[in-house]
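To start, the structure itself, in structure tokens.
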Ligand SMILES: Cc1cc2nc3c(=O)[nH]c(=O)nc-3n(C[C@H](O)[C@H](O)[C@H](O)COP(=O)(O)OP(=O)(O)OC[C@H]3O[C@@H](n4cnc5c(N)ncnc54)[C@H](O)[C@@H]3O)c2cc1C
Ligand SMILES: Cc1cc2nc3c(=O)[nH]c(=O)nc-3n(C[C@H](O)[C@H](O)[C@H](O)COP(=O)(O)OP(=O)(O)OC[C@H]3O[C@@H](n4cnc5c(N)ncnc54)[C@H](O)[C@@H]3O)c2cc1C
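Residue numbers (my numbering), protein chains in the order written: chain U, 38 to 494; chain L, 38 to 494.
Structure, rendered in structure tokens:
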């Protein structure tokens, strides 16, 4: 241990190695409700890719398991290290290296946060359009989890905006993948393979991101519906209608009241409409032109009414921002209310109704309370499960995730498998695919030093 | 050989095995200018994934190299088999299995052509927005090459629209990847790894594609510019201006006259403007609303004039379709004019000017004539190189591709490496990445039966 510490200090400098009791416990946990933190033996804070490569070499020589850490906001325990392991924290690699306005590209270090990037791009009239709900998340972390968020219905997810990477392989080589272009057919797409790999294939030391013009006009429409069926029936009509919504979120009653309470919000929806509502849709539109936006909001309102909405509430400016922030904070609301687990399943959009229909029976069978909201536009359902009994909770999760898989969906849309969903991943995924993924893992990381225990267990 | 033939006939039926002299030579070639066809010993035409798996098993047992074949329109020799090899032709797996209008998804077999899919989606008011220039190309081929085309500036490329695959591994397992959703963080993205892998990792037997609403209104603007510098300077202004062009193509004088002549087109550009033109930009806009389109065309015209266009010609309906078709046929025009090679390099959009500035010197140095057109909006440059001398041609290609790589670009944007660009790939790509790709190849195909000689040589 003293040996390793000295070797690491030679790489990053004494003051950037934390060891033993000097390691703040924060470095051992993320925001997952299901994975207990593990304090690592060592933390290093490298300054550049060369240092990261040298750190991996030291780790390789000493057989030390290595876990990358961005901001620790992950929801699957993927940043929780192995006992006795080494955490590589990217907090010092936090520079926005370039905003290339001609190329509409940003080149950033992994420790830059989403909020920082948003501020920097705004100054150029550009935007990185991926907004997972937590602005303090690091770009490195969002790349490693393939983070999604509310804009995915229009913009896709992190994967669709990462044009290139600099990454350090566990074998110590620094590679660059992709570049400032959207098109390439030049060998296997290593960029896409590393995106979403939860720190198990390579450590990301630089990211080239696709930006687009920031549209100046935005409006939201909140529509109470009589029940969940009406909401799920409305979703494909709204995505297919040509209005191209930026946000298309579903919020059930339980989630709506938790969110509103947690944020101290009142949107002025009259009590009798609230009482008659069974679920809400929130649709946000964006446009270059204020007139076109007004027209589109009008059209949207008519569509929603035609689809059974009890009323429509148009929100802009501050109230809209507050509602979006409150919705993004749904996780905190759920946690504060005592939720025991969060579901991040995806089902094909057209199967949302069948998924929601299955939920109450599962809740009843195991005495759980289940409520939630979700990225309805892309079939990504976030449910909060309240059931403090561990066994019963496990059964609820088993059945919910199996239901999503059976409907042709997937068990994690954006949070990742991490340490939390390994059991479900291995139980529900085709063993031939898992075996193939393990072989791919070995092709990157023959000694298995990168984030062992994540993904495959 | 008789053994293998019998074994294959047992799988696909006698009438779907072609052998020896009965193999039409077409099965041995694609449209690459640089790779000579090789007639395979055997061709099979499987009917389903089960048959494909059984064929791969037979091939594995007999150590037969296997090359998948879609429509043979590829431009890199990737569908050219090994001498003595087996071609798996997907011509019988040509069914559109489903157009899911609620999910905005198409599920198709790999032998479906782009033109067939376009007709089928049109009937539902939907579109698969990826239009590489050849409608007879198969979906399987476009997935394997990650085909691009003119819409990439707005829509991205094949990769961004493939949501899921059914694929047969060289080890015989049939796997399903992804699904009818845009979001997933559930292990490594095998879909994205197989897309663009040129038939070297797995055979694709079903593809799930993302569709979108087909917009009814479209207009093109053709703008002659005094010179190439003015064109390249205009490109980032047009992509960043918020009009979101569907097509943003650059056509130089040589290409323009070849295209027009080949298509027998006359766009009514007055002779004195043609004489003063140094290059053309073609911009196409699309909209849900005819009024908005008119407004946008107006704005675009003003932008183009401000950027130095000598004039603007608005085209809609039939003339626009004809010009697009003529541009798509640029390859035929170049081939008919005797081009010896086609460049498919990509440079960052902001480096286009520097790339174009380098071309004339390279042409001069080796006595070549170089002209072309390209997907300017995404930095993908197609040049036709006229130089019948093999050595001089090789030098031109070396220098052009090296120039693209040096500018932070890539040697193939959409045609792939195939057999044609292996030398350049191995010379210009980081050896650490090539070694990693070889290990990935082995993790799929331990015995190297899938398309040996493609990509890695
Ligand atoms: C309130 C709240 C709301 C959220 N909403 C969303 C949402 O809407 N959508 C969504 O997708 N997520 C959401 N999340 C989850 C979380 O924000 C994302 O998973 C985010 O991507 C994590 O980023 P991070 O920097 O905190 O990563 P960490 O938690 O630090 O790490 C996550 C993973 O990335 C790896 N990693 C980190 N940096 C690197 C690197 N440089 N190289 C290689 N691997 C690296 C880690 O090893 C780990 O496997 C939410 C979280 C919270 C707390
Ligand atoms: C006039 C013309 C214009 C063109 N314009 C463009 C353009 O703008 N953009 C562009 O990207 N391309 C363009 N191309 C190239 C070509 O159309 C594309 O490369 C197309 O993707 C090839 O499809 P195909 O079915 O003909 O594939 P093939 O040539 O048959 O095969 C191409 C590759 O795909 C593999 N393959 C085929 N089917 C499968 C399968 N089911 N599973 C696994 N591997 C498979 C083959 O083994 C081979 O490696 C053009 C070609 C022509 C002739």
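A virtual CB, placed ideally from N, CA and C, is assigned to each residue, including glycine.
Counting contacts by CB-CB distance shorter than 8 Å, is residue i in contact with chain L?
i: residue 222 of chain U; result: yes
i: residue 133 of chain U; result: no
i: residue 166 of chain U; result: no
i: residue 484 of chain U; result: no
i: residue 194 of chain U; result: yes
i: residue 197 of chain U; result: yes
i: residue 254 of chain U; result: no
i: residue 377 of chain U; result: no
i: residue 454 of chain U; result: yes
i: residue 207 of chain U; result: no
i: residue 106 of chain U; result: no
Can you find a heavy atom of ligand 2 that lies under 7 Å from the Cβ of residue i?
i: residue 488 of chain L; result: yes
i: residue 241 of chain L; result: yes
i: residue 292 of chain U; result: no
i: residue 127 of chain L; result: yes
i: residue 186 of chain L; result: yes
i: residue 95 of chain L; result: no
State yes or no: is the C-beta of residue i within less than 8 Å of the C-beta of residue j?
i: residue 316 of chain U; j: residue 290 of chain U; result: yes
i: residue 13 of chain L; j: residue 374 of chain L; result: One cannot answer for residue 13 of chain L here, as it falls past the ends of chain L, which runs 38 to 494.
i: residue 132 of chain L; j: residue 248 of chain L; result: no
i: residue 168 of chain L; j: residue 188 of chain L; result: yes
i: residue 370 of chain U; j: residue 295 of chain U; result: yes
i: residue 301 of chain L; j: residue 207 of chain L; result: no
i: residue 451 of chain L; j: residue 184 of chain L; result: yes
i: residue 124 of chain U; j: residue 80 of chain U; result: yes
Between the C-alpha atoms of residue i and residue j, what's the straight-line distance to the nearest angstrom?
i: residue 122 of chain U; j: residue 366 of chain L; result: 58 Å
i: residue 66 of chain L; j: residue 77 of chain L; result: 10 Å
i: residue 265 of chain U; j: residue 323 of chain U; result: 26 Å
i: residue 493 of chain U; j: residue 346 of chain U; result: 44 Å
i: residue 337 of chain L; j: residue 127 of chain U; result: 44 Å
i: residue 417 of chain L; j: residue 285 of chain L; result: 11 Å
i: residue 70 of chain L; j: residue 448 of chain L; result: 16 Å
i: residue 217 of chain U; j: residue 383 of chain L; result: 10 Å
i: residue 238 of chain L; j: residue 477 of chain U; result: 12 Å
i: residue 378 of chain U; j: residue 421 of chain U; result: 6 Å
i: residue 149 of chain U; j: residue 233 of chain U; result: 18 Å
i: residue 84 of chain L; j: residue 103 of chain L; result: 17 Å
i: residue 213 of chain L; j: residue 276 of chain U; result: 26 Å
When you compare the CB of residue i with every CB in chain U, is at least one pair closer than 8 Å?
i: residue 59 of chain L; result: no
i: residue 335 of chain L; result: no
i: residue 73 of chain L; result: no
i: residue 212 of chain L; result: yes
i: residue 402 of chain L; result: no
i: residue 409 of chain L; result: no
i: residue 385 of chain L; result: yes
i: residue 474 of chain L; result: yes
i: residue 347 of chain L; result: no
i: residue 351 of chain L; result: no
i: residue 191 of chain L; result: no
i: residue 488 of chain L; result: no
i: residue 391 of chain L; result: no
CB of residue i to nearest heavy atom of ligand 1: below 7 Å?
i: residue 175 of chain U; result: yes
i: residue 109 of chain U; result: yes
i: residue 158 of chain L; result: no
i: residue 419 of chain L; result: no
i: residue 235 of chain U; result: yes
i: residue 182 of chain U; result: yes
i: residue 369 of chain L; result: no
Should residue i be counted as a contact of ligand 3 given a C-beta to heavy atom distance under 7 Å?
i: residue 119 of chain L; result: As for ligand 3, it is missing from this structure, which binds only ligand 1 and ligand 2.
Hey, does residue i have any beta-carbon neighbour from chain A nearer than 8 Å?
i: residue 449 of chain L; result: Within the model displayed, chain A is absent; protein chains U and L are what it includes.
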